[in-house]
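Chemist: Each step along the sequence shown adds one to the number in numbering that gives the first Met the number 0, with nothing skipped, and position 13 is 12.
Just so it is clear, CB atoms sit at the ideal spot from N, CA and C, and this is done for glycine as well.
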Amino acid sequence: MAKWWGEEASKVPKQECKWFNGILIYIVWNLWKERNRRIFGNAHMTAQQVASVMAEVDILR
């Protein structure tokens with residue numbers, strides 16, 4: 000994943016690199032939270048629900 004991330008980040012203009020990295024970190028963090036919810040909380044959300052939660056944040060707009 001690190002190789003892919005680096006390759007994709009190199010395609011983004013320098014002034015947008017922080018934004019790009021922030022978005023990727025936010026997405027991975029939400030996926031990790033869902034993983035933990037399933038493993039430790041015995042609960043889960045659908046992929047659409049996880050995407051909806053991520054879309055509610057202004058950073059994605």
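Quick check on DSSP: helix, strand or coil for Val11?
Modeler: Three-state result, Val11: coil.
Chemist: Whole angstroms is fine: what's the gap from Glu33's alpha carbon to Met0's?
Modeler: 19 Å
Chemist: Grab me the residues of Asn29's own chain with a C-beta within less than 7 Å of its C-beta, minus the 5 sequence neighbours each way, in chain order.
Modeler: Val49, Val52, Met53
Chemist: According to DSSP, simplified to helix, strand and coil, what is Met6?
Modeler: It is Glu, not Met, that sits at residue 6 in the sequence shown. Looking at Glu6 - three-state DSSP - the assignment turns out to be helix.
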